[in-house]
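Down below is the structure, laid out as structure tokens.
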Amino acid sequence: MTPRRRRLVLVLGILAGVSIAGGLALSAFRQNVTFYFVPTQVADGKVHPGESFRMGGLVARGSVYRKPGSLEVHFTVTDFKHQVPVIYTGVLPDLFRENAGVIVHGKMLPDGVFLADQVLAKHDQNYRPPGIHQKWGIDHGDPRDPALNAFPHRAAAQVALNAGSAQ
Amino acid sequence: MAWTWFHRLASPPHVYRTAERLTPWFAWSAAILIVAGLIGGLYLSPPDYQQGDGYRILYVHAPSAWLSLLVYTTMAVAGGIGLIWRMKVAHAVAASCAPIGASFTLAALVTGSLWGKPMWGTYWQWDPRLTSELLLFFLYLGYMGLRAAFEDVQRSDRISAVLAVVGVINVPIIHYSVVWWNSLHQGPSVMYLGKPTMPPSMLVPLLIMFVGFTLFFAAVLLMRLRGEVLIRERAASWVREVVHS
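Protein sequence lines, in the order shown, are assigned to chains A and B.
Just so you know, the working numbering puts 123 at position 123 of the first sequence, and the rest follows in order with no gaps.
Numbering-wise, the working numbering comes out as the position in the second sequence, counting from 1, plus 167.
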């Protein structure tokens, strides 16, 4: 083995070792590296009671209620399987809207209401001019789809949505 | 015969002169494309249906983020070649990459932060994509710090190259962070395959910006490489000729 080949093997060995170590670490942390939980995970008891956490989902259509004369707002976060009512007092981001992605940070109250201290809006990777929804066929003609695209669970959500609208 | 181009790449005077010859081509085409892309992205393309004009920071943010990954990959590959073939010029390329990559990473972090405040409602979150990109910034800084810590150039070349090669694992993590984990950051907009996520009027300026930024990187890399080669070869007679001519 020439010295050059030995160095080649050494560099490739370092690369392989680091990749394997990284891959193992990532798969081990996969469950823990979660930026937010979805309502179904909350319902399944994945979150310890009394702990602050982030919850992501869609703002349920027609669920937003603003208390007159204050910044208090009530809405429901859904992943189309479970729903969690949320109370938040403060300024909402520009992209906060019904049927759009949202991530809330806060705590579950004992009565099952999520008290949020921060609300973040999530948008998807699709950009388009206003008013040409169907023209170039990215959204299957369903204006609700862009919001769903913001979430990795969109396939399941889409199925749930279609089942819901068929009824 | 097939390898002569490779061996000529290892010759510092040849690299110096080639870099000198190529720099204006890359620099001028980058300037033209970036101006065209900015006009297209900031002026000609339509506003977004949700974000209005705010999405236009994409035209700087996405190319910066792409370059932050491309420059790191270039640095790691050059470092690896330098380690294996003991090629001094490859180490010079890796050393020249680091400050450029750190600048693009900082640009991606800052523009992303400014974009995040109005749209998401926050400047910063410890989200997988944002955190791994910040780690990339620290990798660049660590690489430069490590280089500066050694007096001996060869020693600093070799040790920093190992860091560059080891750190390359972060590149796929950044790219796939939005796919593997729940993230505040949206998925990639420009895919090699698959459906377009924006109409041509928005996409074409973005692609022009990607190419323009990449050519800009090439131009700056060649400029820095010339300086790096001159310093490393300062004792050589050809450098004296270059400096006195």
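Cβ coordinates follow ideal geometry from the N, Cα and C atoms, glycine included.
Quick check on the DSSP output: the beta strand (DSSP E) that includes residue i runs from which residue to which?
i, result
"Leu58 (chain A)", "53-59"
"Ala186 (chain B)", "Counting along the chain, Ala186 (chain B) falls outside any beta strand (DSSP E), though it belongs to the alpha helix (DSSP H) covering 179-206."
"Leu120 (chain A)", "114-122"
For residue i, count neighbouring C-beta atoms within 10 Å of its own C-beta (all shown protein chains included) and say buried if the count is 16 or more, exposed if not.
i, result
"His228 (chain B)", "buried"
"Ser159 (chain B)", "In the structure as shown, chain B begins at 168 and stops at 412. Residue 159 (chain B) is therefore absent and cannot be evaluated."
"Pro367 (chain B)", "exposed"
"Gly174 (chain A)", "The structure shown does not extend to residue 174 (chain A), since chain A is modelled only from 1 to 167, so the question has no answer here."
"Glu113 (chain B)", "Look at the range of chain B in this structure, 168 to 412, and you will see that residue 113 (chain B) is not part of it."
"Phe96 (chain A)", "buried"
"Ala121 (chain A)", "buried"
"Pro230 (chain B)", "buried"
"Trp348 (chain B)", "buried"
"Gln321 (chain B)", "exposed"
"Met369 (chain B)", "buried"
"Ala28 (chain A)", "exposed"
"Thr171 (chain B)", "exposed"
"Gly17 (chain A)", "exposed"
"Glu395 (chain B)", "buried"
"Ile199 (chain B)", "exposed"
"Gly137 (chain A)", "Annotation note: pLDDT 41 at Gly137 (chain A) (below 50); position unreliable, coordinate value reported separately. The residue is exposed, with fewer than 16 neighbouring Cβ atoms inside 10 Å."
"Gly90 (chain A)", "exposed"
"His352 (chain B)", "buried"
"Arg314 (chain B)", "buried"
"His140 (chain A)", "With a pLDDT of only 37 at His140 (chain A), under 50, the local geometry of the prediction cannot be trusted, and no value is derived from it."
"Pro146 (chain A)", "The predicted model places Pro146 (chain A) with a pLDDT of 44, which falls under 50 and marks its position as unreliable; any figure quoted below should be read in that light. Classification for Pro146 (chain A): buried."
"Asp117 (chain A)", "exposed"
"Ser350 (chain B)", "buried"
"Leu297 (chain B)", "buried"
"Met201 (chain B)", "The sequence shown places Ile at residue 201 (chain B), not Met. Ile201 (chain B) is buried by the Cβ-count criterion."
"Tyr183 (chain B)", "buried"
Could you give the residue range of the alpha helix (DSSP H) that holds residue i?
i, result
"Thr272 (chain B)", "255-286"
"Leu237 (chain B)", "225-252"
"Val406 (chain B)", "404-411"
"Trp172 (chain B)", "171-176"
Out of the options, state which residue places its alpha-carbon closest to the alpha-carbon of residue i.
i, options, result
"Thr76 (chain A)", "A:Ala28, A:Tyr36, A:Tyr88", "A:Tyr88"
"Ser270 (chain B)", "B:Leu297, B:Tyr239, B:Ala259", "B:Tyr239"
"Met376 (chain B)", "B:Ala232, B:Trp170, B:Phe317, B:Gly279", "B:Ala232"
"Gln83 (chain A)", "A:Leu15, A:Phe37, A:Ser19", "A:Phe37"
"Arg128 (chain A)", "B:Gln218, B:Gly394, B:Pro191, B:Glu187", "B:Gln218"
"Tyr171 (chain A)", "A:Phe35, A:Pro49, A:Met1, A:Glu98", "This structure leaves residue 171 (chain A) out entirely; chain A is present only between 1 and 167."
"Ile336 (chain B)", "A:Asp79, A:Arg7, A:Pro39, A:Leu12", "A:Leu12"
"Arg399 (chain B)", "B:Arg175, B:Leu351, B:Pro179", "B:Pro179"
"Tyr226 (chain B)", "B:Ser412, B:Gly394, B:Met365", "B:Met365"
"Ile14 (chain A)", "B:Val333, B:Glu300, B:Phe383", "B:Val333"
"Leu392 (chain B)", "B:His352, B:Ile267, B:Leu200", "B:Ile267"
"Leu273 (chain B)", "B:Ser299, B:Ile251, B:Arg253", "B:Ser299"
"Ala21 (chain A)", "B:Trp405, B:Val387, B:Val409, B:Ile340", "B:Ile340"
"Val86 (chain A)", "A:Leu24, A:Asn126, A:His105", "A:His105"
"Tyr310 (chain B)", "B:Gly221, B:Gly208, B:Trp192, B:Ser263", "B:Ser263"
"Gly288 (chain B)", "A:Asp94, A:Ala116, A:Asp111", "A:Asp94"
"Pro49 (chain A)", "A:Met108, A:Asn126, A:Thr2", "A:Met108"
"Val42 (chain A)", "A:Phe35, A:Met55, A:Leu26, A:Arg30", "A:Met55"
"Asp124 (chain A)", "B:Pro191, B:Trp252, B:Ile251, B:Gly354", "B:Gly354"
"Val378 (chain B)", "B:Ala203, B:Arg253, B:Gly312", "B:Ala203"
"Arg6 (chain A)", "B:Arg175, B:Trp252, B:Val406", "B:Trp252"
"Gly279 (chain B)", "B:Ala177, B:Ala197, B:Arg223", "B:Arg223"
"Leu276 (chain B)", "B:Leu388, B:Lys255, B:Phe193, B:Leu301", "B:Leu301"
"Val176 (chain B)", "B:Arg407, B:Arg325, B:Met254, B:Gly208", "Strictly speaking, residue 176 (chain B) in this sequence is Leu, with Val absent from that position. Nearest of B:Arg407, B:Arg325, B:Met254, B:Gly208 to Leu176 (chain B), Cα basis: B:Met254."
_Using 8 Å as the cut-off, can you tell me whether the region 236-245 of chain B makes contact with the region 281-297 of chain B, which would need three or more C-beta pairs spanning the two stretches below that distance?_
Verdict: no, contact absent.
*the region 293-309 of chain B / the region 209-216 of chain B touching (three or more Cβ pairs under 8 Å)*: Result no; under three Cβ-Cβ pairs closer than 8 Å.
*Going along the chain, which unbroken runs of the alpha helix (DSSP H) with 4 or more residues stay wholly within the region 21-101 of chain A?*
Listed in chain order, the alpha helix (DSSP H) elements of length 4 or more contained wholly in the region 21-101 of chain A are 39-43.
_Start-end ranges of the alpha helix (DSSP H) lying completely within the region 309-378 of chain B, minimum 4 residues_ = If you keep only unbroken alpha helix (DSSP H) runs of at least 4 residues inside the region 309-378 of chain B, you get 320-334, 337-347.
*Would you call the region 230-239 of chain B and the region 250-259 of chain B touching, i.e. three or more CB-CB distances under 8 Å?*
Touching, no.
_Below 8 Å, how does it come out for the region 327-344 of chain B and the region 269-288 of chain B: are there three or more Cβ pairs, yes or no?_
At 8 Å Cβ cutoff, the stretches do not touch.
*Using 8 Å as the Cβ pair cut-off and three pairs as the minimum, do the region 186-206 of chain B and the region 348-359 of chain B touch?*
By the Cβ rule, the region 186-206 of chain B does not count as touching the region 348-359 of chain B, because fewer than three pairs are nearer than 8 Å.
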